[in-house]
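So for the sequence shown, this note's numbering puts the first residue at 1; every next one is plus one.
A virtual CB, placed ideally from N, CA and C, is assigned to each residue, including glycine.
None of the values given here were measured: they were computed from a predicted structure.
Taking it in order: structure first as structure tokens, then the write-up.
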Amino acid sequence: MKYGMKQTIRHTTMASRKFAKRYLKPTAFEAQGSLFEGLVWTLPSSKGDKTYNITLDPKGFECDCTGFAFHGRCKHSQQILKQVEEAVNGEVPEYKWV
1 MKYGMKQTIR
11 HTTMASRKFA
21 KRYLKPTAFE
31 AQGSLFEGLV
41 WTLPSSKGDK
51 TYNITLDPKG
61 FECDCTGFAF
71 HGRCKHSQQI
81 LKQVEEAVNG
91 EVPEYKWV
């Protein structure tokens, strides 16, 4: 009986960590209180059939794609993180005009 209880508790803890909200934290600046906090960037999916929103919350960047939900990072959030950190460091980011 005790073994079954430990397994249930352990399984619940692992499941809660798996589905916990994750953030990609910037290293060049503090997300909370920054000029970029609350901004939303929209990027197309790799196939071009969807768009994803990347938001900078007080805890870090968050993307609404499934990859970010599973891994806590994705190519969309990493691309925006790189562009924002380059802007903070005074580097000129490359933008594509549409």
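Item: Cα-Cα separation, Leu81 to Glu91; Value: 13 Å
Item: Cut-off 7 Å between Cβ atoms - residues of its own chain near Phe36, not counting five sequence neighbours on either side; Value: Leu56, Val84
Item: When Phe61, Ala31, Gln32, Ala20 are compared against Thr42, the one with the closest alpha-carbon; Value: Phe61
Item: Ordered list of alpha helix (DSSP H) runs contained in the stretch 16-74, each at least 4 residues; Value: 66-71
Item: Residues near Ala28 by beta carbon distance below 7 Å, same chain, minus five either side; Value: Glu85, Val88, Asn89
Item: Where Lys82 falls: helix, strand or coil (DSSP); Value: helix
Item: For Asn53 and Gly72, the rounded distance between their alpha carbons; Value: 14 Å
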